[in-house]
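Colleague:
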Amino acid sequence: MKALIDPRSGRVCELREEAFAVAAPLFWLEVGDEVTTHYTYDGANVEPPPSPALEEVRGLAIERVEHRAEVELQAALGAKLPASVLLFQALSDDLALFEADQAPTVEKYPLLASLVGKRGAVDLQRAAQLVAERRARWLQRAAAVEALRLETLEDLEAAQSPEEIDAVLKGLDWGCVQRLSGETI
Numbered sequence: 032m033k034a035l036i037d038p039r040s041g042r043v044c045e046l047r048e049e050a051f052a053v054a055a056p057l058f059w060l061e062v063g064d065e066v067t068t069h070y071t072y073d074g075a076n077v078e079p080p081p082s083p084a085l086e087e088v089r090g091l092a093i094e095r096v097e098h099r100a101e102v103e104l105q106a107a108l109g110a111k112l113p114a115s116v117l118l119f120q121a122l123s124d125d126l127a128l129f130e131a132d133q134a135p136t137v138e139k140y141p142l143l144a145s146l147v148g149k150r151g152a153v154d155l156q157r158a159a160q161l162v163a164e165r166r167a168r169w170l171q172r173a174a175a176v177e178a179l180r181l182e183t184l185e186d187l188e189a190a191q192s193p194e195e196i197d198a199v200l201k202g203l204d205w206g207c208v209q210r211l212s213g214e215t216i
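In terms of our numbering, the sequence shown opens at residue 32 and continues consecutively.
Structure follows, in structure tokens:
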């Protein structure tokens, strides 16, 4: 990670993976995942900020894990907006009612009906089946995300140093909870 430093203020202007050309007095500095963006500069040397307290590092690490878990769950739904997540929940609720209904109709289940004619749903029954399949895949992935999230949070809570916290984050493999085959409606 590279930080664009303004030596006049000692502040990081931008963090990037790749540096790009900048005009003096701004310059790039190789940095870790710093908690703060305050550096000191005496005209010749850049001093990084003092190391943050363990609890601050732990709190930021937990925040990163929670955020990534949310991103993984949204990806499982093919959704990036909370409204899409709410729509999926409403479809799941409709599905539960549909499955218990002896005489389901398009009028009773407008969300399921909106899928008819799309992705192979030739009728209301097939639309419900598609939602049921998607829900089953999502539940499987959600279980994997939740297990990894909880295990990681426990490891972060047990860490006794910023280095141990960093090791937990570096060992975190979200790839094991990636999209399962056929996850779209």
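Note that CB positions come from ideal geometry on N, CA and C, so glycine has one too.
Bear in mind that the values here come from a model prediction, so they are computed numbers and not experimental data.
Does Arg47 pass the burial test, meaning 16 or more other C-beta atoms within 10 Å, or should it be called exposed?
Modeller: Result: exposed.
Colleague: Going by beta carbon distance, what residues of the same chain come within less than 8 Å of Asp154, once the five residues before and after it are set aside?
Modeller: The residues are Val147.
Colleague: I'd like to know whether the C-beta atoms of Arg172 and Val208 end up nearer to each other than 8 Å.
Modeller: Yes, the pair counts as a contact, with Cβ atoms nearer than the cut-off.
Colleague: CB Asp125 to CB Leu143, shorter than 8 Å?
Modeller: Contact flag set, yes.
Colleague: When DSSP builds the beta bridges, which residues end up paired with Ala34?
Modeller: Bridge partners of Ala34: Leu46, Leu60.
Colleague: Within the continuous alpha helix (DSSP H) that includes Lys149, where are the two ends?
Modeller: Premise fails: Lys149 is in no alpha helix (DSSP H) and is neither H nor E.
Colleague: Between the region 191-199 and the region 84-102, are three or more C-beta pairs nearer than 8 Å?
Modeller: Result yes; three or more Cβ-Cβ pairs closer than 8 Å.
Colleague: Should Thr67 go down as buried or exposed, given a rule of 16 or more other Cβ atoms within 10 Å for buried?
Modeller: Its pLDDT being 47, under 50, Thr67 is placed unreliably in this model, and the coordinates cannot settle the point.
Colleague: Just to confirm, does Glu87 get its C-beta within under 7 Å of one of the non-hydrogen atoms of the ligand GDP?
Modeller: Ligands are entirely absent from the displayed structure, and the ligand GDP is therefore not among its contents.
Colleague: DSSP state of Glu138, grouped into three classes?
Modeller: Correct three-state label for Glu138: coil.
Colleague: Which residues in the same chain as Glu45 place their Cβ atom closer than 8 Å to its Cβ, once the five residues preceding and following it in sequence are excluded?
Modeller: Closer than 8 Å at Cβ, skipping near neighbours: Ala34, Leu35.
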